[in-house]
Every structure is written in C-alpha cells, then in structure tokens.
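Taking it in order: structure first as structure tokens, then the write-up.
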Amino acid sequence: MTTIVGVRAVDGVVLASDRRASKGFFISSKTTKKILKVDETLAVAIAGLLSDAEYLVNVVRAERNLISLRRGFPMTVAESAKLISNLAYRGIKNYIPYFAELIIAGVDDEGAHVLSSDMSGSIISEEYTSSGSGSPIAYGVLEGLYHEGLTLDEARVIAVKAVEAAMQRDPGSGNGVDVHAIPVRGG
Amino acid sequence: MTADQYRFQVFYGPEGRMTLVDRALEAVSKGAISLGLRFPNYAVVASMARPVRKLIQPGEKVFEVDEHLGVTGSGYISDLYKLVDQMRLEAQRHRLTYGTPIDVGSLVEAVSQYLHSYTIYPVRPQGVSVIIAGVDKMGVHLYQVDPSGTAFRGLGFAVGMGAEEAIQQLESSYSEDMKLEEALSLIHEVVKKVGGVEPLIQYGYVDLEDKRFKMKKYLEG
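Take a look at the structure:
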C-alpha cells in the first residue's frame, strides 16, 4: 500500500507521499508521515513496513552524524544510500529482510540525487521514481509530465500530481499528500 | 615482588611512564629513517632502504594503501607490513560500507586505534612509527602515528635513526612553494647527511590534481 514519488530537478529534489496506512481492508491511519527528514540535506520516503523503514532511516541518521564529526565533511547522498543497501542486502541474505522500499533524496557537493532502494539491497540512481501500491498509476503521470531540466517548483507540482492520481485509483493510497523539497545548497 | 606488583610494572614504570611503549619508540629510532613533507598541493613520503648488501635486494619501504593513500615507516619492518595490511583492509572496508574512498583522518584514526590496542594489554607494543600521506575532499594531508597510537598532523615529519637532526634540517629548509623536485632533493640531502652515506631512497607522493598516490622506486642523488 502507499504511493511515494521522488523527482530530481536541476536545483534540488522533491519527495511526495500519500498519508494512508492500511491494515488489510482497514485504514489504520489517515495522517501517516511517510517522508522522514534525515537532516537538512537528506530525506527518505518510505513504503512497506513502517518499523523496518524507520529503523533504516535512524541508522543512516546516526551514521551521517558520526561520519561527518569524524572526517569533517558530510556524507554524500550516494554514501548514505549505500549504507541502506548494505543493511538491506545483509537482511535478505540472512532470511530476515527489511520489508521496505525507500526513495532516498538529497543534495550534496555533486548536486541533487534521487535513489531508489528495495529489500534485495539494490540501489538505483533515478531521475524520477515511485514505489508502493499506487506506483503504476503515479508512473503514468510521471512518464507524461517529466522532462529534463525541470526546476524544483515544476518538479514539486509534478510529484504532487502523480500522488494525487494514484490516490484516485489505488485503494491503498489516500488521505492527502505530503511534499518535501530540498534545494541544492546556495540554490 | 608479588604477582600483582609485577603485572602492574608491565604497564607503568616507577616514573609513571608506559615503559614498554617507550621502548617501542626506542626501537623505532633504531630503524632506517623515513620522512614526510606536505605542501599545499601535494605530499611526499620517503624512506631509506637500508644500504644494502650487493647480493640482497633492498626491501620495500613505501606502500600504497589505497589509490589516494600512501604510507612509509620506520622500526620493525614486519610490524610495518602488518600495519600496512590493516590499513589496506580498513580502506577497502570503507569502500564496501560507503562506496567511496576513505578520508585520510578516518584511516589515521584506525591506525591509531590499532596501535593503541597494543598498549592496554600485556603484549608487545608495535615497534613502528608510520608517516601517512593522502588526499581527500578536505585536501592533502600528512600524519605521523607512533607506537603509543598518538597521531600528529603536520607539514613535515621524520622518524627512525637520526630523526631529530632530520627534523631540524627540514624545519630550516622547508618552504611552502617548493616544487616536488626541490622537496625530493631536500629529502635526499637530509637522508644523506643523517645517514652519512650515499643513500638509496624509496618514495611516493600524492597530489591534489589527480588525487592518486604514485609510488616511485628509488631516488637517485
């Protein structure tokens, strides 16, 4: 269940999600936060088991703090994503997988990045991506509206439209849209 | 002496110094000299390959740890080999965990911890001091790490036999705008003076431009 969307723009990244949490055919929450802010430059949108996803995000948050204190410059987005994929891969190889698909979005010295990770431990850098039960519908919107050279404001509109479309037709998604945009530093 | 008193003396001598660590440092100062110099755009490490019998090839003294990191050292050479192995392992561990090259400070901290772990148990502290040169996002770095695990950051280091005299010479001749060739000839001059013979020097350097450690065989006078 869930629809989450991530879009990379020239001057930042944007994440959007619905707010529904389901237990089977029952809507267990209408105000779920599915976009977790790791820090000012990184956020993660989560689909799947909330507890697993939150654990992964907490590990990344702690690790980013530790690393930047130790070496004096922050972790890149790709490094943070790699950390998640290592955990996920270890999980699946030990038959105790993390049931979570994450969209990792953030900015660093190299620019803006959107990466998608799944429970197998794969990590893919994307221009735009979606996950959750509403993703086929969201992708329809993204495929129609995404183009290269999007600004952050344009990307935000497209991401919201994609989630809204999914909420119309996917019973697992609904109850409003959350958006989180991160501009590149100095942008 | 009771067993308890004896055990205590393994760590601290009557003056409150860690005697074993002091002696490890003493062992380092018996080794062939190693030096390191850092400039704004590059850093170089060099070490004297002990001279040298006609029929024996000189041993390796400068090592690549990762493509952006090099190390040399003085003291017990097999302790150095083992330490280099640890450093290479740590560098690859970082690549596996984060997918990026390790930053110099983190590597130095790992070396520090490794050496320090030999000072808190009744074992033999590692008889080696290392000089580490590397480059990362923060720029070019040069460190020295001693058997106690103490790490120093700086522009110029020398360890091994004649280190004190060498450091004095480096201090008086160092200037920030030295070219690599000038730095190398300074190193050659210092080692020659300290060693008293025409030395065989192995060296390597990193520079900011291509962020790679380049191992060179031998520096001729």
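Chain order of the listed sequences is A and B.
Residue 115 in the numbering used here sits at position 115 of the first sequence, with consecutive numbering throughout.
Counting the second sequence from 1 gives a position; the numbering used here is that position plus 1000.
Note that beta-carbon positions come from the ideal geometry of N, C-alpha and C, so glycine has one too.
{"Asked": "Starting from the beta carbon of residue 1103(B), find every residue of chain A whose beta carbon is closer than 7 Å, and list them in chain order.", "Found": "71"}
{"Asked": "Select from 1137(B), 1118(B) and 1045(B) the residue whose C-alpha is nearest the C-alpha of residue 1146(B).", "Found": "1118(B)"}
{"Asked": "Any residues in the region 1132 to 1145 of chain B with a beta carbon nearer than 9 Å to a beta carbon of chain A? Which ones, in chain order?", "Found": "1136, 1137 and 1138"}
{"Asked": "By the 8 Å beta-carbon criterion, what residues does the region 1087 to 1118 of chain B contribute toward chain A?", "Found": "1096, 1097, 1098, 1099, 1100, 1103, 1105, 1106 and 1109"}
{"Asked": "Give the secondary structure of residue 1043(B) by DSSP, where H, G and I count as helix, E and B as strand, and everything else as coil.", "Found": "strand"}
{"Asked": "Examine chain B for any beta-carbon lying closer than 9 Å to the beta-carbon of residue 175(A), and answer yes or no.", "Found": "no"}
{"Asked": "Relative to the alpha-carbon of residue 47(A), which residue among 34(A), 136(A), 38(A) and 70(A) has its alpha-carbon at the smallest distance?", "Found": "34(A)"}
{"Asked": "Using a threshold of 9 Å, state whether the C-beta atoms of residue 69(A) and residue 179(A) are closer than that.", "Found": "no"}
{"Asked": "What do you get for residue 103(A), buried or exposed, if any count of 16 or more other CB atoms within 10 angstroms of its CB means buried?", "Found": "buried"}
{"Asked": "For residue 8(A), which beta-bridge partners are listed by DSSP?", "Found": "13(A)"}
{"Asked": "Classify residue 1064(B) as helix, strand or coil using the three-state DSSP reduction.", "Found": "strand"}
{"Asked": "Check residue 1200(B) in the structure and name its three-state DSSP category.", "Found": "strand"}
{"Asked": "Going by other Cβ atoms of all chains shown within 10 Å of its Cβ, with 16 needed for buried, is residue 1066(B) buried or exposed?", "Found": "buried"}
{"Asked": "Just the C-alpha distance for residue 1095(B) and residue 1104(B), rounded to the nearest angstrom, thanks.", "Found": "13 Å"}
{"Asked": "Assign residue 64(A) to one of two classes, buried (16 or more other C-beta atoms within 10 Å of its C-beta) or exposed (fewer than that).", "Found": "buried"}
{"Asked": "Within the chosen definition, does the region 108 to 125 of chain A reach the region 65 to 85 of chain A through at least 3 CB pairs nearer than 8 Å?", "Found": "yes"}
{"Asked": "For the alpha helix (DSSP H) holding residue 37(A), just list the boundary residues, first then last.", "Found": "First-last for residue 37(A): 35 to 39, but that is the beta strand (DSSP E), not the alpha helix (DSSP H)."}
{"Asked": "Going by Cα to Cα distance, which pick from 54(A), 39(A) and 74(A) is closest to residue 32(A)?", "Found": "54(A)"}
{"Asked": "For residue 83(A), decide whether its Cβ has a neighbour in chain B, counting only Cβ atoms nearer than 9 Å.", "Found": "yes"}
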